[in-house]
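S.K.: Everything in the sequence shown is counted per the working numbering, starting at 1 for the first residue and increasing by one.
All residues carry an ideal CB built from backbone N, CA and C; glycine is no exception.
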Amino acid sequence: MSRRTRRTVAALVAGIMTISLAACAGDGEAKTDNFTVGLMLPSRALPRWEHSDKPLIERHLRKLCPHCTMEYANAENDAARQRQQMTSMITNGAKVLILDAADTRALRSSTREARREGVPVVAYDRLAEGPISGYVSFDGVQVGRLQGEALLKAMGAGAGGENVVMMNGDPTSPNAAAYRKGALSVIAGKTRIAKSYDTLDWDSANAHANMSAAMAALGPDRIGGVLAANDAIAAGVISALKSARVTKLPPVTGQDAELEAVQRIIKGEQYMTVYKPFEKEAAAAAAMAVALGRGGDARDVATTTTDSPTTENIPSVLLTPTAVTVDTIERTLVEDGVYTIAQLCPRLLRSACEEAGLTR
């Protein structure tokens, strides 16, 4: 992302976060802004969906369109269920949909159905296939780059001779491919990628099984680093390492800045995570959905475009992620209000928090 684009995105998000109700619902609009926005999230496997994304999107929709309503459905990792949910929302009169697809290819026919019925679809967090009207997410390739750079830094000068295990995300998600591409652009040729696994459903138990297989093949003490695509996968990796009685854990990456992951970083079990400000993502998605629901164009909100396997030049907002290590927790997650020191540092972690400088 260019410097100019980053400045534009920052200005956009700042504007979204401070828009007044008068600007969002003028005299003429207040009488007609009573449409329904459908929100479809993919699973409950990651805490962020229910605890962050859903309430944040609902809150921003309420700010931008006080007379609108939100209908919500969770696919529970079942693409067939999500297709039924999408059909139901269209039938029940939703005017615009925000979709985080459980399986982007499997939902292609549903986005086509929505287009036929005149219901625009905003792809959220994952780039859905089919004729979508807009896309809001983070720069997935940059996420992978941040993970790769952090891993090499943690491994130090001997990285070239070490075995690295890549624990990728679910292959049905286009984000997983972007993360892997970004990571490989950094670590390929600079270390030995000894094993690479896909993690179905981004599930910790599947990651545990894959890591156990890697240790069986390479030896539990012969792994110099683990490129884990997100924090749930990192949790499974670290659990497997502990089960194998590995006394010195290799550096393990992550993503999503989940509370338990940040606490693992404080304890020295996980090396880093990637912080993606979900507040800004939710704000941009709500703004795009409201613009479309009012008959406007997603390009009024977008700052760039993205191509999917089926659609070119999709109006998009791609936000910038941030790497977080133990040294940067306070100036990223604490200062942004994601967590308080009290949340990060319960009694059992006070000693580790003091060592990390997380005391108040």
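Please list, in chain order, all residues of the same chain as G26 whose beta carbon is under 8 Å from its beta carbon, the five residues on each side excluded.
M.R.: Low confidence applies to G26: its pLDDT is 46, below 50, so where it sits in the model is not reliable enough to give any reading.
S.K.: When the distance is taken between beta carbons, is T253 closer than 8 Å to Q147?
M.R.: In this structure, T253 lies closer than 8 Å to Q147 by Cβ.
S.K.: For the beta strand (DSSP E) containing R192, name the first residue and the last one.
M.R.: 192-198 is the extent of the beta strand (DSSP E) around R192.
S.K.: Would DSSP call A157 helix, strand or coil?
M.R.: Helix at A157.
S.K.: At which residues does the alpha helix (DSSP H) containing S243 begin and terminate?
M.R.: Residues 231-243.
S.K.: Rounded to a whole number of angstroms, what is the C-alpha to C-alpha distance between E113 and T87?
M.R.: Those two C-alpha atoms are separated by around 8 Å.
S.K.: CA-CA distance, L358 and R264?
M.R.: If I take the Cα positions, the gap works out to 14 Å.
S.K.: Using CA coordinates, which residue listed in T325, R222, A287 is at the minimum distance from Q270?
M.R.: The residue with the shortest Cα to Cα distance from Q270 is T325.
S.K.: By the three-class DSSP mapping on this structure, what secondary structure does N313 have?
M.R.: Three-state result, N313: coil.
S.K.: Would you mind working out which of P66, I57, I187 sits nearest N34, comparing C-alpha positions?
M.R.: For N34, the nearest C-alpha among the options comes from P66.
S.K.: Where does L249 fall in DSSP's three states?
M.R.: Three-state result, L249: coil.
S.K.: For a minimum of 4 consecutive residues, which ranges assigned as the alpha helix (DSSP H) are wholly contained in the segment 113-181?
M.R.: Whole alpha helix (DSSP H) segments, 4+ residues: 140-155.
S.K.: Between which two residues does the beta strand (DSSP E) holding M288 run?
M.R.: Here M288 belongs to no beta strand (DSSP E); instead the alpha helix (DSSP H) covers 278-293.
S.K.: Within this structure, are the beta carbons of H60 and A291 separated by less than 8 Å?
M.R.: No; because the gap between Cβ atoms is not below 8 Å, this pair is not in contact.
S.K.: Considering only residues of the same chain and omitting the five flanking positions on each side of V186, which have a CB-CB separation below 6 Å?
M.R.: Result list for V186: R145, G148, E149, in chain order.
S.K.: Below 7 Å CB to CB, which residues in the same chain sit around P47 once its five sequence neighbours on both sides are set aside?
M.R.: The residues are E258.
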